[in-house]
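If you read the sequences in order, they're chains Y and D.
Using numbering that gives the first Met the number 0, you'd call the opening residue of the first sequence number 0 and step up by one each time.
Using numbering that gives the first Met the number 0, you'd call the opening residue of the second sequence number 0 and step up by one each time.
Note that the Cβ used here is the ideal one computed from N, Cα and C, for glycine as well.
No experiment lies behind these values; they were computed from the predicted model shown.
Contents: one structure, followed by commentary.
2 protein chains.
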Amino acid sequence: MILEEIQKSHRHLTASEVYDLVRERLPNISLGTVYRNLEVLSDLGLIRRLDLGDTKRRYDFTTEKHYHIRCVKCGRVEDIDIENLDSLCPKGDGDRGWRIIDHNLEVLGICPECNHNANSNKQNKEETHV
Amino acid sequence: MILEEIQKSHRHLTASEVYDLVRERLPNISLGTVYRNLEVLSDLGLIRRLDLGDTKRRYDFTTEKHYHIRCVKCGRVEDIDIENLDSLCPKGDGDRGWRIIDHNLEVLGICPECNHNANSNKQNKEETHV
DNA sequence: ATAATAATGATTACGATTATCATTTTAATT
DNA sequence: AATTAAAATGATAATCGTAATCATTATTAT
């Protein structure tokens, strides 16, 4: 059910978001069980752990390599269409004896909603100053 | 002194590493003061906050845009020489109404030391199996 | 010298994640 | 079916990095 909810949501859920969704179907499930199974599912490659620059880990229904954009205001994460960068990253034991495993690219920005809120706040502020 | 230690170290220090270094000169400084001043220094652009994929934030003596490689075993972070990716990332309000601010690229790997340890462990294990 | 402002140290609070552990569930074996 | 072993679960506590609080001290301006 944890897997189903993640795949159904088509979003990049945090553990507690998954917890809330699954609890609608399994009201007694504990947060620990959610964490444990998120771990299992990502180890199995059925979902993908996203350790991006913010504090909470997210889980991606898509397991293929791709990149993300994160809103620095509200934390929302979405996919972003940027070409695969494998060719730019050193391979194998390329870089000063490091064995390269993977890479992550995260774009930071402000999402349309937060942008809109910022603009209306600005306008309100100007109005009150008239 | 916090700034000095970060610049002197030429590493990518965590808050508690900075704390330990600074405490050698100011034994009574508190961790809170370190955190507060790390915040101030990065707001001033004198150091750069690194919010990479691991749990602890790091602070970079270099403020120019560049990328990092992190060891998934020991957490060590070093600079990595990859060309600037600004041209790949959408600009301004480019992507579905998002206002783009920045981007981070983090390469993951195993550092030479951890590689070496893994190899000697492997060797030990094989020897015990003889 | 005095008052206002800011910074500090000490401590607590917080939020995400992990660990523990007794209990329950599942699977395997008789 | 009954019995046993193994695994998963819920409840809870522990951990760890960071942020917030607050009384005290230091700095600055008047």
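Listed by chain order, chain Y residues near L102(D) by CB distance under 7 angstroms: The question names Leu, yet the displayed sequence has His at residue 102(D). The answer, in chain order, is L104, E105, V106, L107.
C-beta contact flag for V17(D) and L37(D) at 9 angstroms: yes
Cβ distance (whole Å) where I99(D) is taken to contact W97(Y) below 8 angstroms: Actually they do not touch by this definition, with Cβ atoms about 30 angstroms apart.
Classification of T13(D) by the beta-carbon crowding that lies within 10 angstroms, buried from 16 upward: buried
Listed by chain order, chain Y residues near P132(D) by CB distance under 8 angstroms: What is shown of chain D runs 0 to 129, which leaves residue 132(D) out entirely.
Cβ of N36(D) within 9 angstroms of any chain Y Cβ: no
Alpha carbon of P111(D) to alpha carbon of Y66(Y), nearest angstrom: 27 angstroms
Residues from the region 43-68 of chain D in contact with chain Y, defined by Cβ distance under 8 angstroms: D50, L51, G52, D53, I68
Below-9 angstroms beta-carbon distance, C73(D) vs any chain Y residue: no
Residues that C88(D) bridges to, as DSSP identifies them: The partner list for C88(D) (beta bridge, DSSP) is empty, contrary to what the question assumes.
Minimum Cβ-Cβ distance from L12(D) to chain Y less than 9 angstroms: no
Buried versus exposed, by CB contacts within 10 Å (16 or more), L104(Y): buried
Cβ-based neighbour list, Y34(D), same chain, cut-off 7 angstroms, excluding 5 preceding and 5 following: A14
Residues of its chain near I28(D), where Cβ-Cβ distance is below 7 angstroms and the 5 sequence neighbours each way are ignored: V21, R22
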